[in-house]
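Report on one structure; see the data block that follows.
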Amino acid sequence: MGIYGAGVRHTLDFLADLQLIPDADCHRMRWLFDAEFPFRSQLEAADSLHVHVKVADTSTLPDDAIVNAEGRPENRQAGYVKYAFPAGVNVIFSSIPVAEEDRLPNAQRITRPVLDHVGFDLRKESDSVRRRFDAVTEVAARNGWRAVGQGGGARPVLCCHTQVNEKRWAYPPSGFASWTRPLEFAFAPLLVTEASMGCDLPSIDPSAARSRNVRRNRRYRQRWLQRAAHRPPTLDPKAVLKRLPGNIRIASTRERQKLAPSRCARKG
């Protein structure tokens, strides 16, 4: 597809005029095309760019205006819609939890719309693109960013109705004025399905104080799943009754109470 910087900026300005992207976020995204952008090599290898924006309700989006501006709906689900624009930028709007931090019990309510993240879609599975994808962690460390991986090997990254082989997430340094949101790098073609395949929510910034709560919740869930896998299945009384001979039945709760000795009798 190819990414055209001037066209991306024009698309973002249009969405800002519709008040679908905050002006401050729209202005910061110009830095992605700056010569000093540390992930310039990954941007050049990307087939497209995607901008993910959280909104209050996707059902109230001005769909006609977006379509008239050459935004083509590619994936529309409850609380989620993706528009592809000719400049090589895909704009995603969502009103459902899309990150681990969204599901924290004490998640802070934020004013929407707000930019969640910007992603670089590296779809070609060539050696050159693979090397640039693998270099994300090194580039991040060299520039003071933090990096987290997702998927890889036989475990793809699932996202509702899509999946991709592998992702890297890069988080900017604290107090970095040029950019404040996560960057996503997705490797290999995107597979879109009609049925939901589950969702691997993006990891929270490792430096965030709330990341400890996320890791604790994640460990608790993993232990619960492990115990559940070894727990004997709960027997359904109706199913047990069907397997009993015809002359045997399960006593009712009232009958068991009548047959059970009283507390006084047990004490005596």
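Last residue of the sequence shown: 268 (the working numbering), numbering continuous.
We put the CB at the ideal spot given by N, CA and C, even for glycine.
(1) Should the stretch 157–167 be regarded as contacting the stretch 38–49, the criterion being three or more beta carbon pairs within less than 8 Å?
(2) Between residue 189 and the rest of its own chain, which residues show a CB-CB distance below 6 Å, the 5 nearest in sequence each way excluded?
(3) Contact between the stretch 87–94 and the stretch 134–147: three or more CB pairs below 8 Å?
(4) Please classify residue 55: does DSSP put it in a helix, a strand, or coil?
(5) In the DSSP assignment, find the unbroken alpha helix (DSSP H) run with residue 28 in it and report its ends.
(6) Just verifying my parser: in three-state terms, what is the DSSP assignment at residue 65?
(7) Taking residue 72 as the reference, which of 79, 11, 207 and 85 has the closest Cα?
(8) For residue 49, name the three-state secondary structure that DSSP assigns.
(9) Once you ignore the five residues that flank residue 79 on each side, which residues in its own chain have a CB closer than 8 Å to its CB?
(10) Please classify residue 150 as buried or exposed, where buried requires at least 16 neighbouring CB atoms within 10 angstroms.
(11) Identify the continuous alpha helix (DSSP H) that holds residue 11 and give its terminal residues.
(12) Between the beta-carbon of residue 187 and the beta-carbon of residue 133, is there less than 9 Å?
(13) In whole angstroms, what separates the C-alpha of residue 25 from that of residue 100?
(14) Please classify residue 94: does DSSP put it in a helix, a strand, or coil?
(15) Tell me which residues share the same chain as residue 65 and place their Cβ nearer than 8 Å to its Cβ, disregarding the 5 neighbours each side in the sequence.
(16) Thinking C-alpha only, which one of 131, 87, 47 and 52 is nearest residue 69?
(17) In chain order, what residues of the same chain lie with their CB nearer than 7 Å to the CB of residue 125, ignoring the 5 residues before and after it?
(18) Based on Cα-Cα distance, which residue from 152, 32 and 2 lies nearest to residue 172?
(19) In this structure, how does DSSP classify residue 85 when only helix, strand and coil are distinguished?
(20) Within a Cβ cutoff of 7 Å, which residues of the same chain sit near residue 192, ignoring the five residues on either side of it in sequence?
Concretely, from the data shown:
(1) The count of Cβ pairs closer than 8 Å, one atom from the stretch 157–167 and one from the stretch 38–49, stays below three, leaving the stretches out of contact.
(2) Closer than 6 Å at Cβ, skipping near neighbours: 123.
(3) Contact between the stretch 87–94 and the stretch 134–147 is absent, because fewer than three Cβ pairs lie under 8 Å.
(4) Reduced to three states, the DSSP call for residue 55 is coil.
(5) 23–28 is the extent of the alpha helix (DSSP H) around residue 28.
(6) The answer is helix: DSSP assigns residue 65 an H, G or I state.
(7) If we check each option's Cα against that of residue 72, 85 comes out closest.
(8) In this structure, residue 49 counts as strand in the three-state DSSP scheme.
(9) The residues are 58, 94, 95 and 96.
(10) Residue 150 counts as buried, since no fewer than 16 other beta carbons sit within 10 angstroms of its beta carbon.
(11) Annotation: the continuous alpha helix (DSSP H) that includes residue 11 extends over 5–17.
(12) Yes, the pair counts as a contact, with Cβ atoms nearer than the cut-off.
(13) Between residue 25 and residue 100, the C-alpha separation is close to 21 Å.
(14) It is a strand residue.
(15) 18.
(16) Ranking the options by Cα distance to residue 69, first place goes to 87.
(17) The answer, listed in chain order, is 188.
(18) Each of 152, 32 and 2 was checked against the Cα of residue 172, and the nearest Cα belongs to 32.
(19) The answer is strand: DSSP assigns residue 85 an E or B state.
(20) Cβ within range, chain order: 75, 161 and 162.
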